[in-house]
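Asker:
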Amino acid sequence: MGSLATSLGIVLLSLAVAALLSWKRIPGAPADFVITNCSIWTADKDVPWAESMADVACSDTEFRDLEGQFVVPGFIDSHVHFIPGGLQLLRLDPQHTHLEFTQKVQHAAHGLEPNEWLQGFGWSNEHWGGEWPDSSWIDSVTENNPVWLSRMDGHMGLVNKVVMEICDLKSVKDDPVGGSIVRDEDVPTGLLVDAAMILLTSSALARASQYAVSKGVTSVVDFGSYFPGGSIKDSWNDVEEVYTWMDSLGNMTVRSALFFPLETWPRVAVSSDKRERTAYKRLVHIDGVKAFADGSLGSGTALFHQVFKFIDPNNFGLRVADLSWLSESVSAAFESKLQVAVHAIGDAANDDVLEFTLTLFLNILSNDEQIYVCITELVGLQVEHAQHLSPGAHLKFGKFSISASMQPEQLLDDAYYAVKELGEKRSRGSYNLCSLLRSVVALGSDWPVVAVNPLGVVRAAVERTPAGWSHPWIPEERIYRYTSLAAYAAALEDLVGSLTPGKFADFVVLSESPFAQGTGNFSRVVATFVGGNIAFLSRRYAKLGKLFR
Ligand SMILES: [Zn+2]
Numbered sequence: 001m002g003s004l005a006t007s008l009g010i011v012l013l014s015l016a017v018a019a020l021l022s023w024k025r026i027p028g029a030p031a032d033f034v035i036t037n038c039s040i041w042t043a044d045k046d047v048p049w050a051e052s053m054a055d056v057a058c059s060d061t062e063f064r065d066l067e068g069q070f071v072v073p074g075f076i077d078s079h080v081h082f083i084p085g086g087l088q089l090l091r092l093d094p095q096h097t098h099l100e101f102t103q104k105v106q107h108a109a110h111g112l113e114p115n116e117w118l119q120g121f122g123w124s125n126e127h128w129g130g131e132w133p134d135s136s137w138i139d140s141v142t143e144n145n146p147v148w149l150s151r152m153d154g155h156m157g158l159v160n161k162v163v164m165e166i167c168d169l170k171s172v173k174d175d176p177v178g179g180s181i182v183r184d185e186d187v188p189t190g191l192l193v194d195a196a197m198i199l200l201t202s203s204a205l206a207r208a209s210q211y212a213v214s215k216g217v218t219s220v221v222d223f224g225s226y227f228p229g230g231s232i233k234d235s236w237n238d239v240e241e242v243y244t245w246m247d248s249l250g251n252m253t254v255r256s257a258l259f260f261p262l263e264t265w266p267r268v269a270v271s272s273d274k275r276e277r278t279a280y281k282r283l284v285h286i287d288g289v290k291a292f293a294d295g296s297l298g299s300g301t302a303l304f305h306q307v308f309k310f311i312d313p314n315n316f317g318l319r320v321a322d323l324s325w326l327s328e329s330v331s332a333a334f335e336s337k338l339q340v341a342v343h344a345i346g347d348a349a350n351d352d353v354l355e356f357t358l359t360l361f362l363n364i365l366s367n368d369e370q371i372y373v374c375i376t377e378l379v380g381l382q383v384e385h386a387q388h389l390s391p392g393a394h395l396k397f398g399k400f401s402i403s404a405s406m407q408p409e410q411l412l413d414d415a416y417y418a419v420k421e422l423g424e425k426r427s428r429g430s431y432n433l434c435s436l437l438r439s440v441v442a443l444g445s446d447w448p449v450v451a452v453n454p455l456g457v458v459r460a461a462v463e464r465t466p467a468g469w470s471h472p473w474i475p476e477e478r479i480y481r482y483t484s485l486a487a488y489a490a491a492l493e494d495l496v497g498s499l500t501p502g503k504f505a506d507f508v509v510l511s512e513s514p515f516a517q518g519t520g521n522f523s524r525v526v527a528t529f530v531g532g533n534i535a536f537l538s539r540r541y542a543k544l545g546k547l548f549r
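Going by UniProt numbering, the sequence shown runs without a break in its numbering and finishes at 549.
(1) Put D184 into one of helix, strand or coil per three-state DSSP.
(2) Per the DSSP calculation, R151 is bridged to which residue(s)?
(3) So what does H385 bridge to, in DSSP terms?
(4) For S256, which residues from the same chain have a beta carbon less than 7 Å from its beta carbon, with the 5 sequence-adjacent residues on both sides left out?
(5) Given L158, which residues of its chain have a CB within under 6 Å of its CB, disregarding the five upstream and five downstream residues?
(6) I believe S513 touches F70 by the beta-carbon criterion, under 8 Å. Please report the beta-carbon distance rounded to the nearest angstrom.
(7) CB of H107 to nearest heavy atom of ligand 1: below 7 Å?
(8) Would D294 and A344 qualify as a contact pair, given that the criterion is a beta-carbon distance under 8 Å?
(9) Just verifying my parser: in three-state terms, what is the DSSP assignment at P454?
(10) Which residues, in chain order, sit with a beta-carbon under 6 Å away from any heavy atom of ligand 1?
(11) Thinking C-beta only, is F529 closer than 8 Å to A491?
(12) Does DSSP put residue 564 in a helix, in a strand, or in coil?
(13) Start and end of the alpha helix (DSSP H) containing D234?
(14) Can you tell me which of the three DSSP states I166 falls into?
(15) Pull up the distance between the alpha-carbon of N237 and that of G230, whole angstroms please.
(16) Counting only the same chain and skipping the five closest in sequence on each side, list residues whose C-beta sits under 7 Å from that of H96.
(17) Can you give the Cα-Cα distance for S511 and A50, rounded to whole angstroms?
(18) Could you please give me the residues that DSSP links to K290 through a beta bridge?
(19) Look at the alpha carbon of L422 and the alpha carbon of V450, and state the distance between them as a whole number of angstroms.
(20) Please confirm whether any heavy atom of ligand 3 lies closer than 7 Å to the CB of A404.
(21) Might you give, ordered along the chain, the residues of its own chain that have their beta carbon closer than 6 Å to the beta carbon of A5, omitting 5 neighbours on each side?
(22) Quick one: which unbroken alpha helix (DSSP H) runs of 4-plus residues sit fully inside the region 63 to 120? Chain order, please.
(23) R255 by DSSP, collapsed to three states: which one?
(24) Write down the C-beta distance between S78 and A386 rounded to the nearest angstrom, noting that I regard them as a contact closer than 8 Å.
(25) Counting along the chain, where does the alpha helix (DSSP H) carrying G398 start and finish?
(26) Might you give, ordered along the chain, the residues of its own chain that have their beta carbon closer than 7 Å to the beta carbon of N37, omitting 5 neighbours on each side?
What follows is the structure, encoded as structure tokens:
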């Protein structure tokens with residue numbers, strides 16, 4: 001047994017009475033319960049460990065023996081793009097004939113439970129000469145499962161007869177506004193166009209949620225599908241047509257804190273006041289706005305003080321937004337008490353953000369130290385990625401209470417590339433998580449760029465030393481940054497992020513301690529709870545299922 005595990009035993013033995021924690025509940029929670037006989041790491045520095053915890057204890061509370069499992073707060077992934085990621089999960093490989101299309105669907109349906117949805121994305125009738133598919137192509141191979149298959153352009157989808165029966169499509173006489181139901185002599189063929197796409201994006205969101213909870217993630221900070229040059233409208237369409245709808249049906253399984261393009265800050269500001277925004281109506285939460293200061297390293301558009309070495313020796317990168325517009329808009333968003341996230345990869349882009357933030361603070365605060373402290377608590381600025389920093393820039397993050405939202409798995413993948421492109425000396429300021437330890441660093445994945453995988457990041461912290469580092473990070477430090485500090489960065493710390501009385505019962509049951517080192521064993525997600533409701537139970541640990549029903 002390693003030294004950390006030994007000291008854990010001593011801490012638990014010193015607890016004469018197990019701490020009993022209780023939480024808020026959300027409507028629909030099936031039963032009150034207390035879990036016992038487990039090691040609970042709370043991420044709450046006042047009460048870091050407990051042996052039991054309750055979801056609103058009352059007289060008929062059930063007690064559940066977790067047989068020594070390990071419990072941590074639900075992980076918060078601080079950077080995802082949920083619908084684009086969900087769409088990738090649904091992607092079909094290209095098929096080139098009618099027969100291949102049918103066989104691919106038959107193969108995908110094999111092994112599904114009856115009534116389990118089969119969803120796919122990416123077919124094109126151009127691959128087989130232009131003929132439109134209809135439900136008869138797939139009905140005989142999907143008799144027990146509802147099927148939704150979207151065309152690669154996302155403007156059309158094919159459903160099978162099971163879905164048509166569920167939706168009673170035959171009785172729908174009028175096409176929805178902005179879309180159409182394709183018919184052959186008044187009989188729906190199974191093809192739905194445009195406005196019906198809500199079925200697909202909803203499926204993508206549902207699949208993304210299932211994926212996240214299977215990794216122990218109970219909250220995500222979702223930056224949607226907006227990128228520079230993209231449609232600002234899509235972000236709002238997604239929330240109005242998909243998130244809100246899914247949430248109202250109770251189909252969301254993960255808490256989602258949504259960010260919108262900075263250009264639309266007035267709309268975010270009027271969506272609700274600060275108090276409402278921080279009180280989850282169900283699981284969807286309007287959190288703030290996002291802007292871009294530069295592009296990416298790989299595309300040669302990250303903004304640096306010096307030129308790239310190989311991509312283009314005359315290229316410093318790209319300043320994506322006009323600085324005075326960025327500064328004015330961020331200032332206005334701050335005044336409306338919005339969370340503001342700014343994407344900055346290169347050292348010059350990070351300096352841009354730090355400089356205008358400093359100027360904003362100084363303008364607002366008249367150098368009054370007392371007021372300064374208050375204001376920095378009221379406004380929330382987070383720099384997304386913060387990958388390459390100038391010497392000394394890390395100190396400004398701490399000084400001005402700026403959070404850094406970082407993605408360690410990108411670090412592990414890109415560190416070598418950064419050295420190659422920027423040179424040994426310049427890349428010393430790259431991915432410098434250690435130097436930011438005194439600041440709030442929230443961790444995430446940037447999914448679908450890399451997988452949602454908090455435990456994998458913890459494992460990497462134990463196993464791998466990134467280029468230029470002398471040692472891996474301490475796992476516990478990482479878990480704080482996936483839980484309590486991630487909640488703080490997103491201004492959700494009153495609700496989630498630690499197992500503290502009064503917060504939501506978002507927690508993960510693990511097969512063993514994620515802090516153990518040198519054992520060769522790594523913890524796996526056994527079950528994930530959101531708001532006291534079970535959102536995921538691993539098949540591998542199905543025998544424990546009786547404990548959670
Ligand atoms: Zn991103």
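Every residue, glycine too, gets a C-beta built ideally from N, C-alpha and C.
Predicted, not measured: the structure shown is a model, and the values here were computed from it.
Answerer: Once the coordinates are examined:
(1) strand
(2) W123
(3) A344
(4) F82, V220, D222, Y243, L283, V284 and H285
(5) P133, L149, G190 and L191
(6) 5 Å
(7) no
(8) yes
(9) helix
(10) H79, H81, F223 and D446
(11) no
(12) In the structure as shown, the chain starts at 1 and stops at 549, and residue 564 therefore has no counterpart that could be examined.
(13) I232 to N237
(14) helix
(15) 13 Å
(16) H127 and W128
(17) 17 Å
(18) P261 and A341
(19) 22 Å
(20) The model on display carries ligand 1 but not ligand 3.
(21) Legend: pLDDT at A5 = 24, less than 50; position of this residue unreliable, value from coordinates given subsequently. Here the set comprises A516.
(22) 82 to 89 and 98 to 109
(23) strand
(24) The pair is not a contact, with the Cβ atoms about 12 Å apart (cut-off 8 Å).
(25) A393 to K399
(26) D65, L66, E67 and G68
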